[in-house]
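Protein chains in written order, with my numbering: chain Y, 24 to 289; chain L, 73 to 378.
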C-alpha cells in the first residue's frame, strides 16, 4: 500500500494539471481576499442593504476566513477538478493496464489513489487558505487571528466535509470511468444543482410522510457541509455531521474499491 | 511432470451473448515463445487480458507458475504485461514512466531502470516526454516497463502493431534477445503470421474465440513447405506402396490425404506405382502454401491476416 501511495504521489507531483491547480487555488485565495476587502471597505456602497454579514463588521477573525474559504462552492469546483483528473489519469493513459493486473488486491490501487488524492487536496487547500489568510493578516487593518483553537476546530470540521466530498467525486470518476462523466457529476454537486432536486425531494416527503423531523436534505452531503455552522455548532450537531461524512466516505470509497475489484480493466 | 509456466483449462469470456474467448486450453512451457495468431476480434486481447489479471474469465480456469488462479495473486509481479497500446504517462520522460512502475513494485534502483532503457534502445532519449516518442519508441518503452519487475513471463499483445518495417525488426530482435538472454517465457499475439513465424517456437490459431489449431515452428514450416498432396482411393494401401518406393518423409492428414515432402519431381512415378497396385489417384497436386494462405485455409475466410 505504501509503495502504491508513493507511486501515486510521484505521478501527482509530475503532472502538469497539479501545478496548474496550485496556481488556480492560490489565485482563488487572492480573489477571496479581494472580495472580503471589498465587502468590508465597501467603497462604492455596493453592499448596502444586501444583508451581508460582513458589512459594517469592525473586525474579522481567523475563524471567519475558514468559512469564507472552505464554504465556497468555487473551492468545491477546484477540488472536484483535481480529484477527477487525478483519479482518472491512469485509466486515460492506459497505465493502469501495466500495474493493476500484477498486484494481489486490485482494490488497494483504488484506496491508495484516493489517499494520495486526499493528500494532494489537503496540500491545495492549505496553499489556497494560507494565501488568503496571509493577505488578510497583512492588509486588513481590522483582522485579528482570534482563538487558534477555534480556527483549528472550524478548519478541522470543514476538512472532514471536504474529505467526504473527495470520496464522492472519486466515486463518480470510478463509476463513469471518464473525466467527463466525473466532472459533470461533480459539478452538479459543486454548483448546487443538486440542491434543487433535494428541495423537490423535501417537498415530496412533506406531502407523503407525516413526520416533520424527517427532512431528506438533512442527509445530503452538499446541503449539510455547505451550510454547516461550524463555529456555533453543539456537540450533538458536530457528531451528526462527522457521522454523516463518515457514512458517505465509507459508501463512496467502499463502492469505488468494489468497482475496481470486480470490473474488468478496459 | 512438464515444467509449464502457464496452463489454461477451457478458459472462456462472455460479454452478454457474445463469446469473446471460447473454451481455450493452452499450455506454455518455460522458455517458449508462444504466438497467438488471429484476426482482429478473434479474442487475442481478451485472452491475454484474462491471463494478465485485467479481466475475469466467465468459465474455466488457469494456472500460472504451477499455481491455481486464486493463488497466483501473489505471483503476479512475476508477469510483465503489454496489452494493446503501451500505457504511458504522456508528459513524463521514459525514465519517469519507468520509475512509476518501479515505485509500485517497491524498487529503488535507477541503475537497473537505466540498463533496461539501454536494452530497449531508449538509453539516450533523456527528458523527452513520452508523448513525443514515435510508435516504435512507445512500444519499446512499454516492453521496458513490463520488464521492470524482472518477469519470468511476458504477455505481449500486438507489440508490432503500427510499426514501420525497421521498428518491426527492432522489436523482433528485442523479443528474441529477452527470450534467449534472460530466459523469459513469452506469449505474443499478432494478426501478422509472417512476423510471428520469425520468432515464435509454438503457435495457436484463435478464430472466433476458439483455439482451432496448435503447432510448433517446425510443423509450421512443414505445413507451408513444398509438397506433393495426393488423395488415393485406398489411403492405407497407398501408404504401403509409397513406403516400398523408399519414401519416408510423408504425412497422412484427415485419413485420406497423403502429403509427401521428398522426390517432388516424381509425382508421375508415384501415380503409376499406385495404379500398378490397383489404387486410383483421385487427386494430386504439388503445393507450396504461403503462410497467409495456410492461415486462410485454417480459418476458411479471407481477412486482414498478412
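Ideal Cβ placement from N, Cα and C applies to all residues, glycine included.
Asked	Found
Coarse secondary structure for residue 263 of chain L, derived from DSSP in three states	coil
Chain-ordered residues of the stretch 199 to 212 of chain L with a beta carbon less than 7 Å from chain Y	none
CB contact below 8 Å: residue 298 of chain Y versus chain L	With chain Y running from 24 to 289 in the structure shown, residue 298 of chain Y is simply not present.
In chain order, each alpha helix (DSSP H) run of at least 4 residues that lies wholly inside the stretch 226 to 252 of chain L	none
Residues of the stretch 33 to 55 of chain Y with Cβ closer than 8 Å to any Cβ of chain A, in chain order	No chain A appears in the structure shown, which is made up of the protein chains Y and L.
Cβ neighbour criterion (16 or more within 10 Å) applied to residue 74 of chain Y	In this predicted model, residue 74 of chain Y has a pLDDT of only 49, less than 50, meaning its place in the structure is not dependable; the value taken from the coordinates is given anyway. Under this definition residue 74 of chain Y is an exposed residue.
Stretch pair the stretch 133 to 143 of chain Y + the stretch 225 to 245 of chain Y: three plus CB contacts closer than 8 Å	no
Inside the stretch 160 to 187 of chain Y only - beta strand (DSSP E) runs reaching at least 3 residues	none
Neighbour-count burial assignment, residue 27 of chain Y, 16 or more Cβ in a 10 Å radius	buried
Alpha-carbon to alpha-carbon, residue 296 of chain L and residue 330 of chain L	15 Å
Candidates L:302, L:109, L:196, L:121, of which the one nearest residue 346 of chain L by Cα	L:302
Under 7 Å by beta carbon: chain L residues contacting residue 291 of chain Y	Absent from the model: residue 291 of chain Y. The displayed extent of chain Y is 24 to 289, so no value can be given.
Three-state class that DSSP yields for residue 100 of chain L in the structure shown	strand
Contact the stretch 327 to 343 of chain L vs the stretch 279 to 292 of chain L: 3+ CB pairs below 8 Å	no
Top-ranked residue by Cα proximity to residue 159 of chain Y, from Y:88, Y:117, Y:121	Y:88
For residue 213 of chain Y, the nearest candidate out of Y:34, Y:250, Y:41 (CA to CA)	Y:250
Beta-carbon contacts of residue 208 of chain L that lie in its chain and below 8 Å, excluding the five residues immediately before and after	235, 236, 238, 239, 242, 243
Residues from the stretch 117 to 129 of chain L in contact with chain Y, defined by Cβ distance under 8 Å	121, 124, 125, 126, 127, 128
Interface residues of the stretch 186 to 219 of chain Y facing chain L [CB-CB below 9 Å]	none
Three-pair Cβ contact test at 8 Å for the stretch 268 to 281 of chain L versus the stretch 321 to 329 of chain L	no
Nearest neighbour of residue 103 of chain L, chosen from L:257, L:367, L:97 [CA to CA]	L:257
Per DSSP, cross-strand counterpart(s) of residue 283 of chain L	L:278
CB contact check: residue 259 of chain L to chain Y, cutoff 8 Å	no
Contacting positions in the stretch 80 to 108 of chain L - beta carbon closer than 8 Å to chain Y	none
Range of the contiguous alpha helix (DSSP H) that encloses residue 223 of chain Y	216 to 231
C-beta atoms of residue 186 of chain Y and residue 148 of chain L nearer than 8 Å	no
Within 8 Å, strictly: CB atoms of residue 276 of chain Y and residue 193 of chain Y	yes
Neighbour list for residue 30 of chain Y in chain L, Cβ cutoff strictly below 7 Å	172, 175, 176
Partners in chain Y for residue 307 of chain L, counting only beta-carbon separations shorter than 8 Å	Neighbours of residue 307 of chain L on chain Y: none; closest Cβ ~48 Å, over 8 Å.
Any C-beta of chain L under 8 Å from that of residue 78 of chain Y	Any reading at residue 78 of chain Y is ruled out, since the residue's pLDDT is 49, under 50, leaving its predicted position unreliable.
Buried/exposed call for residue 222 of chain Y, threshold 16 Cβ in 10 Å	exposed
Where the beta strand (DSSP E) containing residue 132 of chain L begins and where it ends	131 to 136
Any C-beta of chain L under 8 Å from that of residue 26 of chain Y	yes
Meets three-Cβ-pair contact criterion under 8 Å: the stretch 80 to 87 of chain L and the stretch 111 to 127 of chain L	yes
Inter-residue Cα distance where the pair is residue 104 of chain Y and residue 88 of chain L	34 Å
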